[in-house]
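Have a look at the structure below, then the notes.
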Amino acid sequence: FLHSEYSPDLGVFYSNPRMDELLEEAMVKKTIEERTPIYEEIQRLMAEEAPVVPLFQGKLVVVTRIGIEGVVLDPTMIFRYYLVYSVE
Numbered sequence: 001f002l003h004s005e006y007s008p009d010l011g012v013f014y015s016n017p018r019m020d021e022l023l024e025e026a027m028v029k030k031t032i033e034e035r036t037p038i039y040e041e042i043q044r045l046m047a048e049e050a051p052v053v054p055l056f057q058g059k060l061v062v063v064t065r066i067g068i069e070g071v072v073l074d075p076t077m078i079f080r081y082y083l084v085y086s087v088e
């Protein structure tokens, strides 16, 4: 939602060439050590410009049992069923 190419599709309409540059640079870095300073700069820029201000935050609770793996909630809070599997 921060890249100017994609933000209109999400209703954000945020555009900052520096942000685009940072995001594109982070995508090609192979290690977390290379990406960390880039994402730190992205966070600073986000804090300064506040391109998105959430109006609400929902709560999502996921419960599983022993023997079930792959339960992952990403930052979008979308439950991805195709990642879930049984280890029994």
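Residue numbers for the sequence shown follow our numbering, beginning at 1 and rising by one. Built from N, CA and C at the ideal position, the CB exists for glycine as well. Just so it is clear, the structure is predicted and the values come from calculations on it, not from any experiment.
Practice prompt. Check whether the Cβ atoms of Leu83 and Gly70 sit closer than 9 angstroms, and answer yes or no.
Written response: Here residue 83 is taken as the residue at index 83 of the sequence shown, counted from 1. Here residue 70 is taken as the residue at index 70 of the sequence shown, counted from 1. It is a contact, given that the beta carbons lie within the stated cut-off.
Item to complete: Select from Gly58, Pro54, Phe56 and Arg18 the residue whose C-alpha is nearest the C-alpha of Tyr39.
Response: For the purposes of this step, residue 39 is identified with residue 39 of the sequence shown, where counting begins at 1. Of Gly58, Pro54, Phe56 and Arg18, the residue nearest in Cα terms is Arg18.
Worksheet entry | Beta-ladder partner(s) of Leu73, from DSSP | Your numbering for residue 73 matches position 73 in the sequence shown. Its beta-bridge partners are Phe79.
Practice prompt. Name, in chain order, the residues that DSSP records as bridge partners for Ser86.
Written response: On the sequence shown, position 86 is the one that residue 86 refers to. The secondary-structure analysis by DSSP pairs Ser86 across a beta bridge with Ile68.
Item to complete: Specify the secondary structure class of Ala50 as computed by DSSP and reduced to three states.
Response: Your numbering for residue 50 matches position 50 in the sequence shown. Of the three classes helix, strand and coil, the one that applies to Ala50 here is coil, per DSSP.
Worksheet item: Does any residue of chain C bring its CB to less than 9 angstroms from the CB of Gly70?
Response: Absence of chain C from the displayed structure is noted, only one protein chain being present.
Fill in: N-terminal and C-terminal residue of the alpha helix (DSSP H) that Pro20 is part of
As a working mapping, residue 20 is identified with position 20 in the sequence shown. Here residue 20 turns out to be Asp, not Pro, going by the sequence shown. Note, Asp20: alpha helix (DSSP H), Pro17 to Val28.
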